[in-house]
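Trainee:
Residue numbers (my numbering), protein chains in the order written: chain E, 410 to 521; chain V, 149 to 262.
Written out as structure tokens, the structure is:
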């Protein structure tokens, strides 16, 4: 079992819809969770971080964390074609260090 | 916007050459990382550093080496490049203060070994 798992997609949504991206992780003691956006040929860009159970909203983005279920998600409201990218879930393991494990990413396509 | 720089951005080189990929950050971050990523594939950690004179190998075995003589500088060296080294190399840094283990990435170096 991978430490961080994501559906590779592609996930296709129409413009204006809500895109829902999901991620599960195996280390129950993990404390820090991140979502990165990576456009094709570019480097990852941090868009959200979440540390506590519940929801965290930033503009059109909402991160949701459920530590009991070892599940973190990203919702993108009013999806735009410019949101088309690969979204990487990342988890900082509770190993006493600063090692972050990245998922393989979910490709999102927003159709105009 | 993160201030982390990588040079060169693109490099095409012949087999057997020695190359150094440069990475510098101006944020004073103590942690720095090198990742390797093939097109459409996941990131693989190949080296990391917790501070000056501290370097560790990552999860993916790599023939490259790194050094950390200054906080802001974390170069990666390949003594003898091979076609199997063709990939994108991404440098990142993070700050341990507060809850900040967020990593910020440089623009990457796309390496092609002929």
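In this text, a Cβ means the ideal position worked out from N, Cα and C, and glycines have one as well.
Rounded to whole angstroms, how far is the Cβ of residue 442/E from the Cβ of residue 474/E, which I believe are closer than 8 Å?
Mentor: As a working note, residue 442/E is residue 33 in the first chain. As a working note, residue 474/E is residue 65 in the first chain. Confirmed, Cβ separation roughly 6 Å.
Trainee: When the Cα of residue 234/V is compared with those of 215/V, 178/V and 211/V, which residue comes out closest?
Mentor: One-based indexing of the second chain puts residue 234/V at position 86. Closest option to residue 234/V, Cα to Cα, is 211/V.
Trainee: With 16 other CB atoms within 10 Å as the buried threshold, where does residue 489/E fall?
Mentor: If you number the first chain from 1, residue 489/E lands on position 80. Residue 489/E comes out exposed.
Trainee: Quick one: is residue 157/V buried, meaning 16 or more other Cβ sit within 10 Å of its Cβ, or exposed?
Mentor: Start at 1 with the first residue of the second chain, and residue 157/V comes out as number 9. With fewer than 16 Cβ atoms within 10 Å of its Cβ, residue 157/V is classed as exposed.
Trainee: If you run the structure through DSSP and keep just helix, strand and coil, what is residue 177/V?
Mentor: The sequence position of residue 177/V within the second chain is 29, counting from 1. Residue state, collapsed to three classes: coil.
Trainee: Can you name, in chain order, every residue of its own chain whose Cβ lies under 7 Å from the Cβ of residue 259/V, other than the five neighbours on each side?
Mentor: For the purposes of this step, residue 259/V is taken as residue 111 along the second chain, with counting starting at 1. So the list reads 159, 233, 234, 235 and 237, once near-sequence residues are dropped.
Trainee: In the DSSP assignment, what are the bridge partners of residue 457/E?
Mentor: Residue numbering aside, residue 457/E sits at position 48 when the first chain is read from its first letter. In the DSSP output, where bridge partners are listed per residue, residue 457/E has 444/E.
Trainee: Tell me the residue span of the beta strand (DSSP E) that contains residue 195/V.
Mentor: Translated into positions along the second chain, residue 195/V becomes position 47. It spans 192-199 - the beta strand (DSSP E) in which residue 195/V sits, taken as one unbroken run.
Trainee: In the structure shown, what three-state DSSP assignment does residue 156/V receive?
Mentor: Here the question's residue 156/V lines up with position 8 in the second chain. Three-state result, residue 156/V: coil.
Trainee: Expressed to the nearest angstrom, what Euclidean distance is found between the alpha-carbon atoms of residue 226/V and residue 183/V?
Mentor: As a first step, residue 226/V is located in the second chain; it is residue number 78 there, counting from the start. As a first step, residue 183/V is located in the second chain; it is residue number 35 there, counting from the start. A straight-line Cα-Cα distance of about 14 Å links residue 226/V and residue 183/V.
Trainee: Can you pull the DSSP bridge partners for residue 415/E?
Mentor: Reading the first chain from its first residue, position 6 is the one you call residue 415/E. The partner list for residue 415/E (beta bridge, DSSP) reads 432/E.
Trainee: Which residues of chain V have a Cβ atom closer than 8 Å to the Cβ of residue 425/E, listed in chain order?
Mentor: Position 16 of the first chain, counted from the start, is the residue given in the question as residue 425/E. Per Cβ cutoff of 8 Å: no residues; residue 425/E is ~27 Å from chain V at best.
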